[in-house]
Amino acid sequence: MKSYPLFYFFLVFLLLILGSVITEAQPHPGSGSFQLSEKAKADIYFAQGKFKEALQIYKSVLEDETESGYIFRNMVKAWAATGAIDQADIFLNGYRQSHEKSSSVWYALGYLQYIKGEDLKAAELFQRATELDPLNGLAWNNWSASLVNGRHFQEALKKVRTAIRSNPKELMFYFNLKKIFEQMGEEQRFEEEYENSIGIKPWGYGKVLARSLRQKAFGDYDKGDLAGAIASFEKMLKIYKQIDDVNGEVPTLFSLGILYEESGNVLKAQIFFKRVLSINPNHIQAREKIEP
């Protein structure tokens with residue numbers, strides 16, 4: 000059987016997650032037949048590393064966006080990436096003077112100090128942000144991260160759990176929780192909490208565990224350990240079914256088909272390709288695999 004390099008295997012999986020849509024180039028913000036919001040345009044510039052262009056737009060939409068904490072987060076990252084921390088200080092402190100009750104700007108000031116490595120100053124600012132808005136998950140999460148730097152793990156766990164309660168759909172918070180357990184030398188606790196949460200609210204735990212297993216699978220595949228890669232993908236499949244994530248289930252099923260095919264078990268590979276088609280009858284790659 001043909002052996003695929005790791006990059007190829009990763010690319011196939013990534014394209015499947017994206018719905019098997021291949022674009023020749025990323026569109027310029029605002030081009031095409033539909034109109035992007037200004038924030039969406041800024042997000043595209045940010046993703047492309049065009050930080051100055053992104054900052055210009057972010058500044059213009061701050062007043063109109065309810066989720067300004069995420070805008071501030073990207074702005075601080077953009078300033079840091081361009082080596083313009085001083086400009087961040089000036090802008091954020093100027094903004095704060097006219098927005099004293101804005102939890103988001105206090106969070107942004109704390110995040111700036113966190114990036115600088117000033118964890119104590121950052122914690123004070125995050126505390127102020129959460130006093131103004133107890134549901135500011137970004138502030139709770141970064142406060143937790145600043146505590147981890149000082150190895151105050153129990154306090155960090157309390158803060159990140161508060162962040163998760165404030166927004167159970169934000170994967171960033173679950174990644175932080177997993178990282179804290181790892182730094183405590185208790186990595187298994189994250190999976191234990193996932194198992195205990197099944198039937199309640201396991202979505203975030205499941206998504207993070209699945210991504211971790213995906214990286215392990217790629218590592219095993221790169222080392223020629225097909226059995227290890229298959230085991231990780233099968234565990235991923237179980238998790239996606241438990242959290243009812245069809246978008247994760249389909250590419251995982253197809254990847255298992257590819258792996259079993261490469262291992263020489265063509266009959267089992269065909270079973271997985273057919274399972275893909277039972278969920279998505281228009282799946283081109285799976286259709287090609289089962290047709291003579």
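Numbering follows numbering that gives the first Met the number 0, with no gaps: position 175 of the sequence shown is 174.
From the three backbone atoms N, C-alpha and C, an ideal C-beta is built for every residue, glycine too.
Cβ-based burial, residue i [other Cβ within 10 Å; buried from 16]
i, result
"L134", "exposed"
"T161", "buried"
"V245", "exposed"
"G205", "buried"
"T65", "exposed"
"E62", "exposed"
"I278", "exposed"
"I163", "buried"
"L156", "buried"
"G136", "buried"
"L266", "exposed"
C-alpha distance - residue i paired with residue j, whole-angstrom precision
i, j, result
"G218", "A39", "34 Å"
"A138", "R286", "47 Å"
"Y57", "N73", "9 Å"
"L176", "N92", "30 Å"
"S145", "M171", "15 Å"
"E117", "F50", "24 Å"
"A83", "I70", "17 Å"
"P280", "Q269", "15 Å"
"L119", "A128", "14 Å"
"Y259", "L212", "17 Å"
"E191", "R150", "22 Å"
"S36", "A46", "15 Å"
"Q34", "S59", "17 Å"
"G48", "K178", "26 Å"
"A87", "F125", "17 Å"
"W142", "Y220", "37 Å"
"L108", "Q187", "34 Å"
"K273", "D243", "19 Å"
"N166", "K158", "13 Å"
"E185", "Q55", "43 Å"
"S67", "V104", "8 Å"
"Y106", "E154", "18 Å"
"Y193", "A209", "11 Å"
Rounded distance between the beta-carbons of residue j and residue i, thought under 8 Å
i, j, result
"G256", "K288", "6 Å"
"A216", "A228", "4 Å"
"L111", "V75", "5 Å"
"S102", "D132", "3 Å"
"G203", "Y239", "So it is not a contact: roughly 13 Å between Cβ atoms."
"I114", "A79", "5 Å"
"Q214", "F253", "So it is not a contact: roughly 18 Å between Cβ atoms."
"V207", "V249", "Going by Cβ atoms, the distance from V207 to V249 rounds to 19 Å, so no, they are not a contact pair."
Residue i beta carbon near the ligand SAH (any heavy atom closer than 7 Å)
i, result
"F217", "This structure does not include the ligand SAH; it has no bound ligands of any sort."
* Asked: What alpha helix (DSSP H) runs, 4 residues minimum, are completely inside the stretch 97–164?
  -> Counting only unbroken stretches of 4 or more residues, the alpha helix (DSSP H) elements lying wholly within the stretch 97–164 are 102–115, 118–131, 136–148, in sequence order.
* Entirely within the stretch 233–269 and at least 4 residues each: give me those alpha helix (DSSP H) ranges in chain order. => Every alpha helix (DSSP H) of 4 residues or more that sits fully in the stretch 233–269 is shown, in chain order, as 245–262.
* **Completely contained alpha helix (DSSP H) runs for the stretch 23–90, where each covers 4 or more residues** => Complete alpha helix (DSSP H) runs here, min 4: 37–46, 50–60, 67–80.
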